[in-house]
Amino acid sequence: MDGQSVSKTNDSDLPSDLQYQFGFGNHLSSEAIAGALPRGQNNPLICPFGLYAEQISGTPFTAPRKQNQFSWLYRIKPSVTHEPFKPRVPSHGKLVSEFNHSNSSTNPTQLRWKPVEIPDSPTDFIDGLYTVCGAGSSFLRHGYAIHMYTANKSMDNCAFCNADGDFLIVPQKGRLSITTECGKLQVSPGEIVVLPHGFRFVVDLPDGPSRGYVAEIFGAHFQLPDLGPIGANGLAASRDFLVPVAWYEECSRPGYTIVQKYGGELFTAKQDFSPFNVVAWHGNYVPYKYDLSKFSPVNTVLKDHADPSINTVLTAPTDKPGVALLDFVIFPPRWLVAEHTFRPPYYHRNCMSEFMGLIYGGYEAKADGFLPGGASLHSCMTPHGPDTKTFEATVAQGKDAGPFRITNTMAFMFESCLMPRICPWALESPSIDHDYYQCWVGLRSHFSREEANDESQKIQNGH
Ligand SMILES: [Fe+2]
1 MDGQSVSKTN
11 DSDLPSDLQY
21 QFGFGNHLSS
31 EAIAGALPRG
41 QNNPLICPFG
51 LYAEQISGTP
61 FTAPRKQNQF
71 SWLYRIKPSV
81 THEPFKPRVP
91 SHGKLVSEFN
101 HSNSSTNPTQ
111 LRWKPVEIPD
121 SPTDFIDGLY
131 TVCGAGSSFL
141 RHGYAIHMYT
151 ANKSMDNCAF
161 CNADGDFLIV
171 PQKGRLSITT
181 ECGKLQVSPG
191 EIVVLPHGFR
201 FVVDLPDGPS
211 RGYVAEIFGA
221 HFQLPDLGPI
231 GANGLAASRD
241 FLVPVAWYEE
251 CSRPGYTIVQ
261 KYGGELFTAK
271 QDFSPFNVVA
281 WHGNYVPYKY
291 DLSKFSPVNT
301 VLKDHADPSI
311 NTVLTAPTDK
321 PGVALLDFVI
331 FPPRWLVAEH
341 TFRPPYYHRN
351 CMSEFMGLIY
361 GGYEAKADGF
371 LPGGASLHSC
381 MTPHGPDTKT
391 FEATVAQGKD
401 AGPFRITNTM
411 AFMFESCLMP
421 RICPWALESP
431 SIDHDYYQCW
441 VGLRSHFSRE
451 EANDESQKIQ
461 NGH
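Counting from 1, one number per residue, gives the positions in the sequence shown under the UniProt record's numbering.
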């Protein structure tokens, strides 16, 4: 999608003090001071108002045009103006970007975690972030990591930069006020935010105790899924993706620290100014947010159960058609209307691996045990499906269950073609539910040999 769209949205749902542009993949532009954006060229000898021109490339220079992502930032001082990077002290220890025997293990068991308690000790987004599982390598630009965070305080005099991949953040408790080089975003539980590879950002926590989920992808970016026979409309609409407007600060910041995640390790570099000094920018490589309540679900209107891919919000593709490095799928409020159909998710085994989280409410396939802020992991070809209570209750409703609206719920799934390795602190976590398997143990046989014999006899007799 091309065409500049510098606009102010009037949506009353948005914070009154923040403005956004809208669109997905658009080439946008924004200037905090009129005239700050060079006209007619990207890199003039002298930029307006004495700004420096700096490009950030989210794809190789030579990527095909329809995939090419980059932005030009016009800033008071260039990003390079800092002291050398040094390993952060203390090191982090719970961030992984290359999954192997030394830092993670394999486990095909169905896994589930209760919500992790938010710490009492001062913890910001960086220190509160920890890897749960993942596959591949940021060094090889192929793979993903799934993290969670529990934090209670804003980042102070430092900015984070992820040189490994893109973050898709799903807050579950507490709003995030995020300052980026392109401007500010406020993200509430029920919304998501994508912070692309390489952007510097600060996470403030206006509500204090906060918790959420993060999918990180290496060597790919999220895109909207193709809609095929659905047509032009449905699922997530481009116009509902919100992008910040330019915002800058010009002040002395002695001891300001850039914390760079590079190969899963943290490095720090000092500078004496804020990295949020971009007065104007243009490009299609930008942070953005999306309100999940804007999603337009599509599903069966007569019988059977569509595959969960029908609820894909964003997908990060691999080179193989239809095979995702990581899909972000939601299970939002919606009507269930299928006739003579088992309506909860079907029992299945999947060549893809599925990590699930719950933002609020309950999840239709689990009567209990899967809680907001908790998580589950069903890895490649590991069987899973509704728990015993859900199965029995659904069957007991009988064939004449009328239309039913699932309300007050927002579950989601990170689904990947790569088999995840799991970090030891996740497997040893006090939050892990050792009894998870028992939710299926009660599924008893309903098979009736007598009924089968009788029916079979009738068929053979031509009745
Ligand atoms: Fe599944």
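Using N, Cα and C, we set each Cβ at its ideal position, and we do this for glycine too.
Given the structure is predicted, the values throughout are model-derived calculations rather than measurements.
Presumed contact (8 Å Cβ cut-off) between residue i and residue j, rounded CB distance
i, j, result
"F222", "H142", "With 8 Å as the limit, F222 and H142 do not qualify as a contact, their Cβ atoms being about 15 Å apart."
"E428", "L292", "No, E428 and L292 are not in contact; Cβ-Cβ is about 32 Å, not under 8 Å."
"S431", "V116", "5 Å"
"D166", "E216", "7 Å"
"I56", "L73", "6 Å"
"V202", "I230", "Contact doesn't hold; Cβ gap of about 38 Å is too wide."
"T131", "V96", "4 Å"
"L224", "F24", "6 Å"
"R334", "N299", "7 Å"
"P244", "Y20", "6 Å"
"P189", "Y363", "Going by Cβ atoms, the distance from P189 to Y363 rounds to 16 Å, so no, they are not a contact pair."
"H378", "E354", "5 Å"
"G369", "Y213", "No, G369 and Y213 are not in contact; Cβ-Cβ is about 18 Å, not under 8 Å."
"G136", "T150", "The Cβ separation is near 25 Å, so there is no contact."
"P383", "R349", "5 Å"
"P254", "D226", "That belief does not hold up - the Cβ atoms of P254 and D226 are roughly 50 Å apart, past 8 Å."
Buried/exposed call for residue i, threshold 16 Cβ in 10 Å
i, result
"E455", "exposed"
"Q186", "buried"
"R112", "buried"
"S12", "Reliability fails at S12, whose pLDDT of 42 lies under 50, so the model's placement of it is uncertain and the value that follows must be treated cautiously. It counts as exposed."
"Y437", "exposed"
"G373", "buried"
"V194", "buried"
"L302", "exposed"
"D387", "buried"
"K458", "exposed"
"N453", "exposed"
"N26", "buried"
"N461", "exposed"
"N408", "exposed"
"R65", "exposed"
"N284", "buried"
"E181", "buried"
"L45", "exposed"
Check whether residue i and residue j have beta carbons under 8 Å apart
i, j, result
"G58", "S138", "no"
"I146", "R200", "no"
"F125", "Q260", "no"
"V279", "A32", "yes"
"N152", "H197", "no"
"R405", "C133", "no"
"S296", "L235", "yes"
"K389", "A367", "yes"
"H282", "L443", "no"
"V313", "F331", "no"
"C158", "Y248", "no"
"L326", "F414", "yes"
"D240", "K294", "yes"
"T315", "C417", "no"
"R211", "I118", "yes"
"D435", "K114", "no"
For residue i, the three-state DSSP class (helix, strand or coil)
i, result
"L292", "helix"
"R39", "coil"
"E191", "strand"
"K270", "strand"
"D166", "strand"
"K458", "helix"
"F49", "helix"
"S105", "strand"
"E265", "strand"
"G143", "strand"
"T9", "Low confidence applies here, because T9 scores a pLDDT of 38, under 50, leaving its location unreliable; read the following figure in that light. The answer is coil: DSSP assigns T9 none of H, G, I, E or B."
"R239", "helix"
"G3", "Note that G3 scores 34 on pLDDT, short of 50, meaning its location in the model is unreliable; the coordinates nonetheless yield the value given after this. DSSP places G3 in coil when its eight states are reduced to three."
"I118", "coil"
"E250", "coil"
"A452", "helix"
"G283", "strand"
"P87", "strand"
"I126", "coil"
"P44", "coil"
"G255", "strand"
- Item | alpha helix (DSSP H) runs wholly inside the UniProt domain "Homogentisate 1,2-dioxygenase C-terminal" (293-447), at least 4 long, in chain order | 388-397, 424-427, 438-441
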